[in-house]
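*Asks:* Numbering (the working numbering) for the sequence shown: 143 to 844. Shown below is the structure under consideration.
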Amino acid sequence: MMRTPYTLASFLALSALLAMTWIIYAPGLHGSFLFDDFANLPPLGATGPVDNWPSFWRYITSGIADPFGRPLTLLTFLFDAHDWPADPYPFKRTNVILHLINGALLALLLRRLGHEGFRSTDRRRLDLAAILGAGFWLLHPLFVSTTLYVVQREAMLPATFTLLGLLTWLHGRRSIQGGHTLHGLIWVVLGLGGCTFLGVLSKANGILLPALALVVEHAFLRKTAAQFRVASDHNGGKEMRLYKGAMLLVAWLPTSLVAGYLLEQGWSGLTRGISSLRPWTLGQRLLTEPRVLLDYLDLLWLPRPFTPGLFNDHIQASTSLFSPATTLPALILVFALIAGAWLLRRRQPTWSLAILFFFVGQSLESSTVAIELYFEHRNYLPAMLMFWPLALWLCGVRWHIRAETQCELPTRIHDSEAVIPTVSNSHAEGWGYAKLALATVLLAGIGLMTHARASLWGNVHDQALLWAKLNPDSPRAQANAAQIEMQSGDPAGAAKRLREPFAKAPEQVQLALNLLGAECQTGRIEASTLIASREALRTARDPGSLLTSWFERAIGQLNHPPCPQLTDETVSGLLQAGLANPYLATNSGRQQDLHYLQGYLALIQHNPNLALTNFNKALDMQVRPSAALKQAALLGSSGFPRQGLSHLDHLEAEPQQAYSPGFGMPRIHDWVLQHQQYWPKELARLRATLRDDAMHQKRTAE
Numbered sequence: 143m144m145r146t147p148y149t150l151a152s153f154l155a156l157s158a159l160l161a162m163t164w165i166i167y168a169p170g171l172h173g174s175f176l177f178d179d180f181a182n183l184p185p186l187g188a189t190g191p192v193d194n195w196p197s198f199w200r201y202i203t204s205g206i207a208d209p210f211g212r213p214l215t216l217l218t219f220l221f222d223a224h225d226w227p228a229d230p231y232p233f234k235r236t237n238v239i240l241h242l243i244n245g246a247l248l249a250l251l252l253r254r255l256g257h258e259g260f261r262s263t264d265r266r267r268l269d270l271a272a273i274l275g276a277g278f279w280l281l282h283p284l285f286v287s288t289t290l291y292v293v294q295r296e297a298m299l300p301a302t303f304t305l306l307g308l309l310t311w312l313h314g315r316r317s318i319q320g321g322h323t324l325h326g327l328i329w330v331v332l333g334l335g336g337c338t339f340l341g342v343l344s345k346a347n348g349i350l351l352p353a354l355a356l357v358v359e360h361a362f363l364r365k366t367a368a369q370f371r372v373a374s375d376h377n378g379g380k381e382m383r384l385y386k387g388a389m390l391l392v393a394w395l396p397t398s399l400v401a402g403y404l405l406e407q408g409w410s411g412l413t414r415g416i417s418s419l420r421p422w423t424l425g426q427r428l429l430t431e432p433r434v435l436l437d438y439l440d441l442l443w444l445p446r447p448f449t450p451g452l453f454n455d456h457i458q459a460s461t462s463l464f465s466p467a468t469t470l471p472a473l474i475l476v477f478a479l480i481a482g483a484w485l486l487r488r489r490q491p492t493w494s495l496a497i498l499f500f501f502v503g504q505s506l507e508s509s510t511v512a513i514e515l516y517f518e519h520r521n522y523l524p525a526m527l528m529f530w531p532l533a534l535w536l537c538g539v540r541w542h543i544r545a546e547t548q549c550e551l552p553t554r555i556h557d558s559e560a561v562i563p564t565v566s567n568s569h570a571e572g573w574g575y576a577k578l579a580l581a582t583v584l585l586a587g588i589g590l591m592t593h594a595r596a597s598l599w600g601n602v603h604d605q606a607l608l609w610a611k612l613n614p615d616s617p618r619a620q621a622n623a624a625q626i627e628m629q630s631g632d633p634a635g636a637a638k639r640l641r642e643p644f645a646k647a648p649e650q651v652q653l654a655l656n657l658l659g660a661e662c663q664t665g666r667i668e669a670s671t672l673i674a675s676r677e678a679l680r681t682a683r684d685p686g687s688l689l690t691s692w693f694e695r696a697i698g699q700l701n702h703p704p705c706p707q708l709t710d711e712t713v714s715g716l717l718q719a720g721l722a723n724p725y726l727a728t729n730s731g732r733q734q735d736l737h738y739l740q741g742y743l744a745l746i747q748h749n750p751n752l753a754l755t756n757f758n759k760a761l762d763m764q765v766r767p768s769a770a771l772k773q774a775a776l777l778g779s780s781g782f783p784r785q786g787l788s789h790l791d792h793l794e795a796e797p798q799q800a801y802s803p804g805f806g807m808p809r810i811h812d813w814v815l816q817h818q819q820y821w822p823k824e825l826a827r828l829r830a831t832l833r834d835d836a837m838h839q840k841r842t843a844e
């Protein structure tokens, strides 16, 4: 069958849009890894290059972010590298390609929704509105911080499977309406069941697909649902009953489970509290999120080329309905938007759909789960339908209200009026050209903003400095900028940058340790900085992986210190301050880090027995073969193989205390390692090496 001219034109328009998006994003492909990339990508080389099946299974099951470990996201990283460290360019290129795929899928979804929900026979404007709505989303500058942030492929893949799931579900729904019941049911189950499963294997918020399908069903497709009931009633209602049963299984059930989980998290957080690592309570988080959601909407509808980006740790949590003063108004406005969207779903179904889709899409990450308060990437999926109503208006598509007639809707629908979606052909030609010009200006405007932002993402130095300027109260942003300044040979500038925010937030370890490093590079650490840094380590909640990475670098420099103040005594005092921290005292992982660092310090001081004692203490905190392997290898490489063998003996003496992973992917990963006998083989190999080194030392001594 030949393509109609307007279908070919739509294809060409979409292709041009995708090509333009690639060109706009191209400058950002030359950026570097950032922030959480360094926490999530090193598993590519954690047990050696991923170049055989055993290493593949070890890698693909290594995820710990969700109970399911996000294995599909990990799998896609193998398209870009098989080892670590790696070049960031292929990762960013794959992210941009995935963004283009999502834009094309969104255009197809909007086209299908337009054809399902509108009665007009003129589909050209609907197709153009679908491409335009997808274009507004595809070119929006807010999503640069998702697309060019490698690790946020975790946010992009659930969006891909959500779009595929909605398209598949709508195809099945249409097939059932057309009388192909079995064929349609298969597609419905594959769409909402299969794609939800794949989305969850990418990131937990893939579980929202069924809820989003219900939003589409009840906010936008009410009229076609009514027509479906009429047609089904003529056949005894069998198709409708089967469809409802399928939706109960693959839509309502998972949605209810998610709602139950969120309620349980809320009840638990409010009654038993949350992790002491968070500087706010769950109640404060719930008061804060309406302000955050409105800020997201502000960024979406009033786009700007430069935003705070990745560093939002300065967001002030609401402590009551009136502190800050915007808390209560934000809460009222969010509830008003949700309630208004539901009440107006018949008269303004496209706007209702866009608003409800946004808030349901935010429900997992912006409600009772005690994760960080704010991240731009959380808008990637929820905002997908946000600009479709604008695109429909620009393309001359509007909704008319007129009295219902019996032939249009079944009498069981008790609305006194019905919304009849049509394409308006009554607009003056000049007004149509004005809208076309406005659409062009909007696309060009957001495209230019996105290009400017992508260019910034391709320049790590300027990016860090701008983020620090836009986020003056963010410790992460200031520490990140200081690190860039130190790397570029300006430690004095880095120290100057850090002193003021450190004075304002003296508990921030990232500011303290980076200030120590910057001052040391200048040749002298101030006594006041040392005192303040010890206090920060004594009072901080959780410095995370920064604790180990900074101290490892500092201890490694002790034999040739860059400044006189970097001494064994200085480092030991800082570690003692960390051990005295009440927050870290209950964190076995951080206690393990601190005892390991004490052992490493003892090695530099050529005290292998003290190092062994501390390494054994570290291992006792969490008995992990990986920790024992690292510490024993460190003893051996430092010239103390006998102590390394003793450390392995200590591991084997406490098998009953070995770390047992929890439910989900960590347990599967542990099973894979056991099945491959990975740790016994690695430990046996290391033991043989240490034994040979000890024998060689003995022969040399004799």
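C-beta atoms are modelled at their ideal positions from N, C-alpha and C, and glycine is treated no differently.
From the DSSP output, in three-state form, read off GLY190 for me.
*Replies:* Here GLY190 sits in strand by DSSP.
*Asks:* Cutting at 7 Å between CB atoms, please list the residues of its own chain near ARG683, excluding the five before and the five after it.
*Replies:* Around ARG683: SER418, LEU419, PRO421 and TYR725.
*Asks:* Under 8 Å, with one C-beta from each stretch per pair, do the region 185 to 197 and the region 159 to 173 reach the 3-pair mark?
*Replies:* At 8 Å Cβ cutoff, the stretches do not touch.
*Asks:* When burial is assigned at 16 or more other CB atoms within 10 Å of the CB, is MET837 buried or exposed?
*Replies:* Under this definition MET837 is an exposed residue.
*Asks:* For THR537 and THR288, I'd like the C-alpha separation in whole angstroms.
*Replies:* At residue 537 the sequence reads Cys, which differs from the Thr that was named. For CYS537 and THR288, the distance between alpha carbons rounds to 29 Å.
*Asks:* Would you mind working out which of LEU672, PRO614, ALA158 and LEU306 sits nearest THR449, comparing C-alpha positions?
*Replies:* Closest by alpha carbon: PRO614.
*Asks:* Would you check if the distance between the CB atom of THR203 and the CB atom of MET807 is smaller than 8 Å?
*Replies:* Cβ atoms of THR203 and MET807: closer than 8 Å.
*Asks:* Check each candidate in ASN749, GLN764, ILE746 and GLN707 and name the one with the smallest Cα separation from ASP735.
*Replies:* The shortest Cα separation from ASP735 among ASN749, GLN764, ILE746 and GLN707 belongs to GLN764.
*Asks:* Report the three-state DSSP secondary structure of THR553 (helix, strand or coil).
*Replies:* Only weak support is given to the placement of THR553: the predicted model assigns it a pLDDT of 34, under 50, and the question is left unresolved by the model.
*Asks:* For TRP609 and GLY451, which I take to be in contact (beta-carbon distance under 8 Å), what is that distance rounded to the nearest angstrom?
*Replies:* Contact flag correct, Cβ pair sits at about 5 Å.
*Asks:* In this structure, does DSSP put ARG833 in helix, strand or coil?
*Replies:* Note: ARG833 maps to helix in three-state DSSP.
*Asks:* Closest to GLY348 by C-alpha separation, out of LYS772, ALA272, PRO396 and SER780, would be which residue?
*Replies:* Among LYS772, ALA272, PRO396 and SER780, the Cα nearest to that of GLY348 is on PRO396.
*Asks:* Could you say which of ASP208, TYR438 and ALA533 lies nearest to ALA272 if we only look at CA atoms?
*Replies:* The residue with the shortest Cα to Cα distance from ALA272 is ALA533.
*Asks:* I'd like the list of long-range same chain contacts for PRO184, defined as Cβ closer than 7 Å, with 5 residues on each side in sequence excluded.
*Replies:* These residues qualify, in order along the chain: TRP226.
*Asks:* Give a yes or no on whether the C-beta atoms belonging to GLN740 and ASN756 are separated by under 8 Å.
*Replies:* In this structure, ASN756 lies closer than 8 Å to GLN740 by Cβ.
*Asks:* What's the gap between the Cα of GLY259 and the Cα of PRO232?
*Replies:* Rounded to the nearest angstrom, the two C-alpha atoms are 40 Å apart.
*Asks:* Identify, in the order they occur along the chain, each residue of the same chain with its Cβ nearer than 8 Å to the Cβ of ASN622, setting aside the five sequence neighbours on each side.
*Replies:* If we look at ASN622 and ignore the five residues flanking it on each side, its Cβ neighbours are PHE177, PHE453, ALA606, TRP609 and ALA610.
*Asks:* Answer with buried or exposed for GLN816, where buried requires no fewer than 16 other C-beta atoms within 10 angstroms of its C-beta.
*Replies:* Exposed.
*Asks:* For ALA276, which of LEU251, LEU284 and LEU689 has the nearest alpha-carbon?
*Replies:* Looking at the Cα atoms, LEU251 is the closest of the given residues.
*Asks:* For my contact list, TYR291 and HIS519 are in at a C-beta cut-off of 8 Å; report their separation, rounded to the angstrom.
*Replies:* Correct: roughly 7 Å between the Cβ atoms.
*Asks:* For a minimum of 4 consecutive residues, which ranges assigned as the alpha helix (DSSP H) are wholly contained in the region 296 to 357?
*Replies:* Qualifying alpha helix (DSSP H) stretches, in chain order: 323 to 331 and 337 to 342.
*Asks:* For the pair the region 468 to 483 and the region 626 to 636, tell me if three or more CB-CB distances fall below 8 Å.
*Replies:* The region 468 to 483 is not in contact with the region 626 to 636.
*Asks:* Check for me: the alpha helix (DSSP H) holding PHE477 runs from which residue to which?
*Replies:* Segment 469 to 485, the alpha helix (DSSP H) holding PHE477.
*Asks:* Identify whether ARG766 lies in helix, strand or coil by the three-state DSSP scheme.
*Replies:* Coil at ARG766, not helix or strand.
*Asks:* Checking 8 Å against the spacing of the C-beta atoms, do LEU640 and GLN663 come in under that value?
*Replies:* No, they are not a contact pair.
*Asks:* Would you please state the rounded distance, in angstroms, between the beta carbons of THR492 and PRO531? I believe it to be under 8 Å.
*Replies:* The pair is a contact, with the Cβ atoms about 4 Å apart (cut-off 8 Å).
*Asks:* Tell me which residue opens and which closes the alpha helix (DSSP H) that LEU743 is part of.
*Replies:* Start and end: 730 to 746.
*Asks:* Count the other CB atoms within 10 Å of the CB of GLU711; is the residue buried (16 or more) or exposed (fewer)?
*Replies:* So GLU711 ends up on the exposed side.
*Asks:* Mind reading off the beta-carbon distance from GLN707 to LEU672? Whole number of angstroms is fine, and I expect it under 8 Å.
*Replies:* The pair is a contact, with the Cβ atoms about 7 Å apart (cut-off 8 Å).
*Asks:* What is the DSSP secondary structure of SER714, reduced to helix, strand or coil?
*Replies:* In the structure shown, SER714 sits in a helix (DSSP, three-state: H, G or I).
*Asks:* Helix, strand or coil for LEU462? Go by DSSP, reduced to three states.
*Replies:* Note that residue 462 corresponds to Ser in the displayed sequence, not to Leu. In the structure shown, SER462 sits in a strand (DSSP, three-state: E or B).
*Asks:* Taking TRP692 as the reference, which of ALA674, GLU677, ASN701 and LEU716 has the closest Cα?
*Replies:* Among ALA674, GLU677, ASN701 and LEU716, the Cα nearest to that of TRP692 is on LEU716.
*Asks:* So the candidates are PHE362, GLY341 and LEU436; which of them puts its Cα closest to the Cα of ASP208?
*Replies:* Considering only alpha carbons, the answer is GLY341.
*Asks:* Buried or exposed for TRP813, going by 16 or more other Cβ atoms inside 10 Å?
*Replies:* It counts as exposed.
*Asks:* Measure the C-alpha to C-alpha separation of GLY98 and ARG732 and round it to an integer number of angstroms.
*Replies:* A query on residue 98 cannot be resolved here, the shown segment of the chain reaching from 143 to 844 and no further.
*Asks:* On the three-pair Cβ rule with 8 Å, is the region 384 to 401 touching the region 344 to 359?
*Replies:* Verdict: yes, contact present.
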